[in-house]
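Enquirer: According to full-length UniProt numbering, the sequence shown holds residues 1 to 580 in order.
By construction, the Cβ of each residue, glycine as well, lies at the ideal position given by its N, Cα and C atoms.
Because the structure is a prediction, the values reported are computed rather than measured.
A single structure is presented below for examination.
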Amino acid sequence: MSSVNFVGATEILAASSCSSCSSHSGDSGECLSAEHIYNTQNGRHTLNPYENDVFDITSDDTNPHHERCPASPITIPAKTTSRSNSNPQVKSPKPRRQRTTSTSQNTNQNEAIMRANNRTIYTAGRPPWYNTSGVQVEPFVIGICGGSASGKTTVAQKIIESLDVPWVTLLSMDCFYKILNEKQHEQAERNEYNFDHPDAFDIELMADVLRKLKEGRKVEVPIYNFVSHSREAHTKTMYGANVIIFEGILTFHSPDILKMLDMKIFVDTDPDIRLARRLKRDITQRGRDLEGVLKQYSTMVKPAYSNYIAPTMAHADIIVPRGGENKVAIQLIVQHVHTQLTARGFKLRETLAHLNGAEQPMPDSLHLIPTTPQIKGLHTFIRNASTSRDEFIFYSNRLMRLVIEYTLSLLPFKDTVVDTPQGVQYTGKRMTSQKICGVSILRAGETMEQAVSDVCKHIRIGKILIQTNQQTGEPELYYLRLPNDIKDYKVILMDATCATGAAAIMAIRVLLDHDVPPENILLVSLLMAKIGVHSIAYAFPKVRIVTSALDPEINEKFYVIPGIGNFGDRYFGTEPEFDV
1 MSSVNFVGAT EILAASSCSS CSSHSGDSGE CLSAEHIYNT QNGRHTLNPY ENDVFDITSD
61 DTNPHHERCP ASPITIPAKT TSRSNSNPQV KSPKPRRQRT TSTSQNTNQN EAIMRANNRT
121 IYTAGRPPWY NTSGVQVEPF VIGICGGSAS GKTTVAQKII ESLDVPWVTL LSMDCFYKIL
181 NEKQHEQAER NEYNFDHPDA FDIELMADVL RKLKEGRKVE VPIYNFVSHS REAHTKTMYG
241 ANVIIFEGIL TFHSPDILKM LDMKIFVDTD PDIRLARRLK RDITQRGRDL EGVLKQYSTM
301 VKPAYSNYIA PTMAHADIIV PRGGENKVAI QLIVQHVHTQ LTARGFKLRE TLAHLNGAEQ
361 PMPDSLHLIP TTPQIKGLHT FIRNASTSRD EFIFYSNRLM RLVIEYTLSL LPFKDTVVDT
421 PQGVQYTGKR MTSQKICGVS ILRAGETMEQ AVSDVCKHIR IGKILIQTNQ QTGEPELYYL
481 RLPNDIKDYK VILMDATCAT GAAAIMAIRV LLDHDVPPEN ILLVSLLMAK IGVHSIAYAF
541 PKVRIVTSAL DPEINEKFYV IPGIGNFGDR YFGTEPEFDV
């Protein structure tokens with residue numbers, strides 16, 4: 001693409017407001033309850049805090065509370081047939097959390113990524129980032145380069161606002177300044193250390209982080225503090241997205257990074273304006289004095305721009321004069337990105353629903369619990385539309401326990417010999433894997449947490465919230481909390497029902513992106529549609545699937561037929577008054 005120089009309108013694009021999120025978890029850091037997260041999306045009570053914002057994803061397990069994270073108290077509701085008493089009292093939401101930044105400890109600019117303490121919250125759901133085969137679709141990477149204080153971050157934020165898509169990750173080059181030694185610290189204190197030279201950056205780490213983000217993998221991004229001229233002890237956990245924006249003064253310097261950029265933007269701003277902005281920023285935000293800033297600018301910043309930054313303008317696909325004020329340039333960039341995203345998009349759930357696999361033999365990865373009279377009897381209760389809520393909960397919990405026990409029998413065991421109280425040796429079995437983790441797909445999957453906690457002592461529980469977008473019909477990822485070392489665990493992935501398999505495929509894709517081997521994943525459901533089993537097995541043949549029943553089809557609303565209705569609504573007592 002040849003360089004284009006925009007000399008368009010001078011109007012400043014109004015920044016769209018975005019609110020920080022609030023959550024309803026307790027002070028101890030307990031995972032959000034599905035009842036609190038659930039948004040009925042039809043005018044009834046809602047506590048869903050995820051609205052109108054951009055996001056990133058993390059997983060964190062630094063809270064020692066998660067050595068044993070029991071099922072949420074809402075998992076086993078109080079047994080009552082009265083609808084007025086079926087919902088527990090809900091606490092008022094906490095005050096909105098203030099956003100943090102991904103660039104440096106002292107900057108006050110809002111980050112394009114939402115985080116809440118140790119949790120990860122999608123404030124607008126992330127749609128599928130993979131195809132029906134479970135293979136990730138490569139994200140669109142935008143590189144923004146320009147001189148110091150030229151408005152690169154502002155341009156990035158304007159692009160994000162105009163894109164009107166929530167699944168964007170913004171990464172700043174300022175995160176990757178090298179750790180200074182004692183001599184360099186002294187130079188920095190005297191404003192004699194050149195922060196604008198390529199050697200000041202950890203280019204290798206920068207390229208590695210960007211590469212992993214492009215692969216959709218979790219990364220740990222360092223935080224640089226310009227006041228103390230050092231990296232913070234903690235890092236920011238970031239996750240790949242459909243659009244990745246990487247901005248910095250030397251974005252185009254490394255050939256390896258240049259190869260990863262799908263669009264290259266250079267922000268060209270008048271030197272006097274850049275100097276004025278830098279004076280204001282460094283004095284108010286970075287604790288510098290006027291004399292030191294001017295000295296550093298004249299001896300290092302200005303020469304570095306001429307020697308290292310300005311020459312990289314030749315790599316730019318688009319040159320944007322006046323930065324964030326250039327509305328025309330930003331709109332043209334946004335139009336091109338939208339075109340690229342549309343070309344890479346697809347209808348996942350609709351495609352899965354029409355796959356011709358229902359008549360094929362069931363895959364070897366499926367493990368169906370033997371259909372005994374007891375299993376049949378339990379299904380009779382939970383499938384009956386006239387079953388009261390307390391009976392539905394009771395018999396569902398019984399069936400969940402049986403499904404989990406059967407799932408554990410699929411894990412590896414070894415022979416072992418023990419002494420009985422009578423002094424006689426007994427040859428038995430002992431499970432070889434001591435690391436087992438349960439992950440529930442919220443909301444309905446949380447109902448199975450108690451069953452897995454009852455049979456697995458001290459099991460760790462993770463949570464993934466996936467909901468269906470009412471406009472597109474696609475599954476969207478809203479919330480994620482997993483142990484940091486989940487790749488070392490056997491993972492029992494729980495969802496009450498599975499129709500097309502779209503939500504399960506998304507959850508499995510998340511686990512794979514966290515380096516969990518597919519053979520270590522066991523997907524567990526009470527009821528599955530045959531087409532969903534085929535879809536999951538086709539995408540992930542090594543993932544084992546466990547269920548107590550298979551139904552032949554799904555309807556146009558993606559409900560399993562004959563099915564059990566909306567399991568979450570029936571279990572939590574949130575059924576609509578009229579089923580349209």
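#1: Spatial neighbours of R401 within its chain, please: C-beta separation below 8 Å, excluding the five flanking residues on both sides.
#2: Helix or strand or just coil, what does DSSP make of E232?
#3: Express the C-alpha separation of K557 and V580 in angstroms, rounding to a whole number.
#4: DSSP has M400 in a bridge; who is on the other side?
#5: Helix or strand or just coil, what does DSSP make of P255?
#6: Cβ-heavy atom distance between L512 and the ligand SAH below 7 Å?
#7: Can you give me the C-alpha to C-alpha distance between S162 and N566, rounded to a whole angstrom?
#8: Give the straight-line distance between the Cα atoms of G323 and K158, rounded to the nearest whole angstrom.
#9: Please report how far the alpha carbon of P572 lies from the alpha carbon of L482, in whole angstroms.
#10: Drop a sphere of 10 angstroms on the beta-carbon of S365, count the other beta-carbons inside from all chains shown, and report buried for 16 or more, exposed for fewer.
#11: Take the Cβ of Y297 as the centre, count every other Cβ of all protein chains shown within 10 Å, and call the residue buried at 16 or more, exposed below.
#12: Relative to the C-alpha of T547, which candidate in A499, T574 and R570 has its C-alpha closest?
#13: According to DSSP, E553 sits in a beta bridge with which residue or residues?
#14: Roughly how far, in whole angstroms, is the beta-carbon of I249 from the beta-carbon of D196, given that I think they are within contact range, below 8 Å?
#15: Would you call the region 503-522 and the region 459-470 in contact, with 3 or more CB pairs under 8 Å?
#16: Cα separation between R383 and I492?
#17: Measuring CA to CA, which of Y479, A549, H234 and N326 is closest to G532?
#18: Starting from P373, trace the alpha helix (DSSP H) in both directions and tell me its first and last residue.
#19: For Y177, I'd like the list of residues in its chain whose CB is within less than 8 Å of its CB, leaving aside the five on either flank, ordered along the chain.
#20: Where do the ends of the alpha helix (DSSP H) carrying R443 lie?
#21: Where does H66 fall in DSSP's three states?
#22: Where DSSP assigns a beta bridge to G143, which residues make up the other side?
#23: Return helix, strand or coil for Q467, following the three-state DSSP convention.
#24: Does DSSP classify A529 as helix, strand or coil?
#25: Less than 8 Å between C-beta atoms, sequence neighbours within five positions excluded: which residues of the same chain meet that for R278?
#26: Can you give the Cα-Cα distance for H229 and C175, rounded to whole angstroms?
#27: Please tell me whether E553 and A537 are closer than 8 Å, where the distance is taken between their beta carbons.
#28: Please report how far the alpha carbon of G377 lies from the alpha carbon of R398, in whole angstroms.
#29: Y479: which of L442, I486, H458 and Q331 sits nearest, CA to CA?
#30: Per DSSP, which one or two residues make a beta bridge with S172?
#31: For the alpha helix (DSSP H) that contains K295, what are its first and last residues?
#32: Do G418 and V524 have their CB atoms nearer than 8 Å?
#33: Could you tell me how far apart the beta carbons of I369 and Y406 are, in whole angstroms, since I believe they sit closer than 8 Å?
#34: Can you tell me the Cα-Cα spacing of T432 and D415, whole angstroms?
#35: With DSSP as the reference, label E476 as helix, strand or coil.
#36: Output the distance between the C-alpha atoms of T299 and S440, rounded to the nearest integer angstrom.
Expert: In short:
#1: For the purposes of this step, residue 401 is taken as the residue at position 401 of the sequence shown. Contacts found: A451, D454 and V455.
#2: Along the sequence shown, one-based indexing puts residue 232 at 232. In the structure shown, E232 sits in a strand (DSSP, three-state: E or B).
#3: In the sequence shown, counting from the first residue as 1, residue 580 sits at position 580. In the sequence shown, counting from the first residue as 1, residue 557 sits at position 557. With a pLDDT of 41 at V580, under the threshold of 50, the modelled position of this residue cannot be trusted, and the question is left open.
#4: Here residue 400 is taken as the residue at index 400 of the sequence shown, counted from 1. M400 pairs with nothing; no bridge assigned.
#5: Indexing the sequence shown from 1 puts residue 255 at position 255. Assignment of P255 by DSSP, reduced to helix, strand and coil, places it in the helix class.
#6: The ligand content of the structure shown is nil, which means the ligand SAH is not present either.
#7: By 1-based counting over the sequence shown, the position of residue 162 is 162. By 1-based counting over the sequence shown, the position of residue 566 is 566. Approximately 37 Å between the Cα atoms of the pair.
#8: For the purposes of this step, residue 323 is taken as residue 323 along the sequence shown, with counting starting at 1. For the purposes of this step, residue 158 is taken as residue 158 along the sequence shown, with counting starting at 1. Cα to Cα, the separation comes out at about 10 Å.
#9: As a first step, residue 572 must be located in the sequence shown, where it is residue number 572. As a first step, residue 482 must be located in the sequence shown, where it is residue number 482. Checking the sequence shown, residue 572 turns out to be Phe, not Pro. The alpha-carbon atoms of F572 and L482 are separated by roughly 24 Å.
#10: Taking the sequence shown and counting its residues from 1, the one referred to as residue 365 is at position 365. Flag for S365 reads buried.
#11: Looking up residue 297 in the sequence shown gives position 297. Flag for Y297 reads buried.
#12: By one-based count along the sequence shown, residue 547 stands at place 547. Of the candidates A499, T574 and R570, the one whose C-alpha sits nearest the C-alpha of T547 is A499.
#13: To locate residue 553, count along the sequence shown from 1; it is residue 553. E553 is bridged to I561.
#14: Taking the first residue of the sequence shown as position 1, residue 249 is located at position 249. Taking the first residue of the sequence shown as position 1, residue 196 is located at position 196. Going by Cβ atoms, the distance from I249 to D196 rounds to 6 Å, so yes, they are a contact pair.
#15: yes
#16: To locate residue 383, count along the sequence shown from 1; it is residue 383. To locate residue 492, count along the sequence shown from 1; it is residue 492. Computed Cα separation, rounded: 24 Å.
#17: The count along the sequence shown starts at 1 and reaches residue 532 at position 532. Among Y479, A549, H234 and N326, the Cα nearest to that of G532 belongs to A549.
#18: By one-based count along the sequence shown, residue 373 stands at place 373. Residues P373 to R383.
#19: Reading the sequence shown from its first residue, position 177 is the one you call residue 177. Setting aside the 5 residues that flank it on each side, Y177 is surrounded in the same chain by F195, A200, F201, D202, Y224 and R231, each with a C-beta closer than 8 Å to its C-beta; the list follows chain order.
#20: The sequence position of residue 443 within the sequence shown is 443, counting from 1. Note, R443: premise wrong, no alpha helix (DSSP H); not H, not E.
#21: Indexing the sequence shown from 1 puts residue 66 at position 66. For H66, the predicted structure reports a pLDDT of 38, less than 50, and the residue's modelled location is therefore unreliable. A value from the coordinates is still provided. Reduced to three states, the DSSP call for H66 is helix.
#22: By 1-based counting over the sequence shown, the position of residue 143 is 143. Looking at the DSSP assignment, G143 forms a beta bridge with F246 and K264.
#23: Here the question's residue 467 lines up with position 467 in the sequence shown. In the three-state scheme derived from DSSP, where H, G and I count as helix and E and B as strand, Q467 is classed as strand.
#24: Working through the sequence shown from its first residue, we reach residue 529 at position 529. A529 falls in the strand class under three-state DSSP.
#25: Counting from one through the sequence shown, the residue named residue 278 turns up at place 278. Same-chain partners within the cutoff: S148, A149, V293, Y297 and V301.
#26: If you number the sequence shown from 1, residue 229 lands on position 229. If you number the sequence shown from 1, residue 175 lands on position 175. Whole-angstrom Cα-Cα distance: 12 Å.
#27: Along the sequence shown, read from residue 1 onward, the residue named residue 553 stands at position 553. Along the sequence shown, read from residue 1 onward, the residue named residue 537 stands at position 537. Taking 8 Å as the Cβ cut-off, E553 and A537 do not qualify as a contacting pair.
#28: The residue labelled residue 377 in the question sits at position 377 within the sequence shown. The residue labelled residue 398 in the question sits at position 398 within the sequence shown. Going from the Cα of G377 to the Cα of R398 covers about 11 Å.
#29: By 1-based counting over the sequence shown, the position of residue 479 is 479. Ranking the options by Cα distance to Y479, first place goes to L442.
#30: Numbered from its first residue, the sequence shown carries residue 172 at position 172. BP columns for S172 point to E247.
#31: Here residue 295 refers to the residue found at position 295 when the sequence shown is read from its first residue. L290 to Q296 is the span of the alpha helix (DSSP H), which, as asked, contains K295.
#32: Residue 418 sits at position 418 when you count from the first residue of the sequence shown. Residue 524 sits at position 524 when you count from the first residue of the sequence shown. At residue 418 the sequence reads Val, which differs from the Gly that was named. Their beta carbons are not under 8 Å apart, which means V418 does not touch V524 by this criterion.
#33: The residue given as residue 369 occupies position 369 in the sequence shown. The residue given as residue 406 occupies position 406 in the sequence shown. Right, the Cβ-Cβ distance comes to about 5 Å (below 8 Å), so this counts as a contact.
#34: For this step, residue 432 is matched to residue 432 along the sequence shown. For this step, residue 415 is matched to residue 415 along the sequence shown. Answer to the nearest angstrom: the Cα atoms are 10 Å apart.
#35: Numbered from 1 along the sequence shown, position 476 holds the residue referred to as residue 476. In this structure, E476 counts as strand in the three-state DSSP scheme.
#36: Taking the first residue of the sequence shown as 1, we reach residue 299 at position 299. Taking the first residue of the sequence shown as 1, we reach residue 440 at position 440. Taking the straight line joining both Cα atoms gives about 57 Å.
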